[in-house]
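Q: Structure incoming, see below.
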Amino acid sequence: MSYSENLFYGAPPEIQRRARELKKQMTPSEEVLWNFLKNKSLQGLKFRRQHPIKNYIVDFYCHQQKLVIEVDGSIHDQIDQKEYDLGRTSVLEEFGLIVIRFRNEEVLDSFESVIERILEYLIPRQPSRHGE
């Protein structure tokens, strides 16, 4: 499997095209988080925004850490959307990915705690110095 195939987990061209469109339509909370994550600002890790994975487009993705970050608005409170999100998360986890979710309000009102939670998922995945 090539790097590109592994990076996108077989996302079809239509999903990739839609992801390019979504990059132009980020929500204010997505923009705030992206301004922090871009340019390898968090522990030197590369994050991608509106990234296609299989048949989905995730808000942010760090391939090195296999970490998906979703920023959700109030539509995600609806029962149908919650069920869809659970199924989507399950599919992404089947690829060995970790999915974490934040509310728009969390990103805008408690940005430092959002970054701390993201770091909790990154730090354990860094190589351990024990047993060297």
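With this note's numbering as the guide, the letters of the sequence shown map in order to residues -2 to 129.
Backbone N, C-alpha and C fix where the C-beta goes; we use that ideal spot for every residue, glycine too.
Nothing here was measured: the structure is a model prediction, and the numbers come from that model.
Can you tell me where the alpha helix (DSSP H) holding Phe92 begins and where it ends?
A: Run containing Phe92: none; DSSP gives neither H nor E here.
Q: On the CB-based measure, 16 or more other CB atoms within 10 Å of its CB, does Pro25 come out buried or exposed?
A: That one is exposed.
Q: Lys51 to Ile95, Cα distance in whole Å?
A: In a straight line, the C-alpha of Lys51 is about 15 Å away from that of Ile95.
Q: Going straight from the alpha carbon of Asp106 to that of Leu30, what length do you get?
A: Cα to Cα, the separation comes out at about 12 Å.
Q: Following the continuous alpha helix (DSSP H) through Gln130, name the residue where it begins and the one where it ends.
A: Because the chain is modelled from -2 through 129, residue 130 falls outside the range shown and cannot be assessed.
Q: On the DSSP bridge assignment, give the partners of Pro49 in chain order.
A: Its beta-bridge partners are Ile54.
Q: Would you mind working out which of Ile97, Asp77 and Gly70 sits nearest Leu64, comparing C-alpha positions?
A: Among Ile97, Asp77 and Gly70, the Cα nearest to that of Leu64 belongs to Ile97.
Q: I'd like to know if the region 10 to 29 and the region 83 to 94 are in contact, where contact means that at least 3 CB-CB pairs between them fall below 8 Å.
A: The region 10 to 29 is not in contact with the region 83 to 94.
Q: Give the single residue among Leu89, Asn3, Leu116 and Ile54 whose Cα lies nearest to the Cα of Glu18.
A: When only C-alpha atoms are compared, the closest one is Ile54.
Q: DSSP on Phe130, reduced to helix/strand/coil?
A: The chain is shown only over -2 to 129; residue 130 falls outside these bounds and no answer can be derived.
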